[in-house]
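The letter at position 41 of the sequence shown is residue 41 when you use our numbering, and the numbering goes up by one with no holes.
C-beta atoms are modelled at their ideal positions from N, C-alpha and C, and glycine is treated no differently.
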Amino acid sequence: MDNVVEIELCEPSPFLFGENGHLGVTDGTSVWIVVVTREAMIATADPPEASLKRLARYADVYRDMAEVMLARGDGDDGKVWIFEKDVLALRAKQRPRDFNGRRKLSSLSIGAHR
Numbered sequence: 001m002d003n004v005v006e007i008e009l010c011e012p013s014p015f016l017f018g019e020n021g022h023l024g025v026t027d028g029t030s031v032w033i034v035v036v037t038r039e040a041m042i043a044t045a046d047p048p049e050a051s052l053k054r055l056a057r058y059a060d061v062y063r064d065m066a067e068v069m070l071a072r073g074d075g076d077d078g079k080v081w082i083f084e085k086d087v088l089a090l091r092a093k094q095r096p097r098d099f100n101g102r103r104k105l106s107s108l109s110i111g112a113h114r
């Protein structure tokens, strides 16, 4: 059974480490690092790009994806991983304007991250 988890962005601010993007999220009690793979950032929107600008622009989308994953019980060792397959699954379910963060995504079922 899924638990309801509501999270918000927190420190640390979005940053790149190696090829992956990282951002902090919290439910007010715990803090997780959301790791967005390079491939996931590239798959997020056109033109294909893996940059800090892309990570920051879509931080709310990645936060919403992490919220769904955490509600399912994903999130090992304080990290939630977002892979290309997760982004592609979400894009397949969303109209293009919805994917840009204008709709709450927590009610959607996103493919398992492993």
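Checking the sheet assignment: what are the DSSP bridge partners for residue i?
i     : result
Phe17 : Asn20
Lys79 : Ile33 and Asp76
Val25 : Leu9 and Trp32
Beta-carbon within less than 6 Å of residue i's beta-carbon, same chain only, minus the 5 sequence neighbours each way: which residues are those?
i     : result
Val34 : Leu23, Val25, Tyr62, Ala66 and Val80
Ala50 : Arg38, Met41 and Ile42
Rounded to a whole number of angstroms, what is the C-alpha to C-alpha distance between residue i and residue j?
i      : j     : result
Gly28  : Asp46 : 34 Å
Pro12  : Val36 : 14 Å
Glu8   : Phe15 : 16 Å
Ala112 : Val31 : Reliability of the predicted coordinates at Ala112 is poor, the pLDDT of 40 falling under 50, and the value obtained from them is presented with this limitation in mind. If I take the Cα positions, the gap works out to 21 Å.
Glu19  : Leu52 : 11 Å
Lys117 : Asp64 : With the chain running from 1 to 114 in the structure shown, residue 117 is simply not present.
Val135 : Thr44 : The question about residue 135 has no answer, for the chain in this structure spans 1 to 114.
Assuming residue i is part of the beta strand (DSSP E), what are its boundary residues?
i    : result
Ile7 : First-last for Ile7: undefined, no H or E at that position.
Need the endpoints of the alpha helix (DSSP H) that residue i sits in, please.
i     : result
Asp86 : Glu84 to Lys93
Glu67 : Ala59 to Ala71
Under the assumption that residue i contacts residue j (Cβ atoms under 8 Å), give the Cβ distance between them as a whole number of angstroms.
i     : j     : result
Gly78 : Leu55 : That pair is no contact at about 19 Å.
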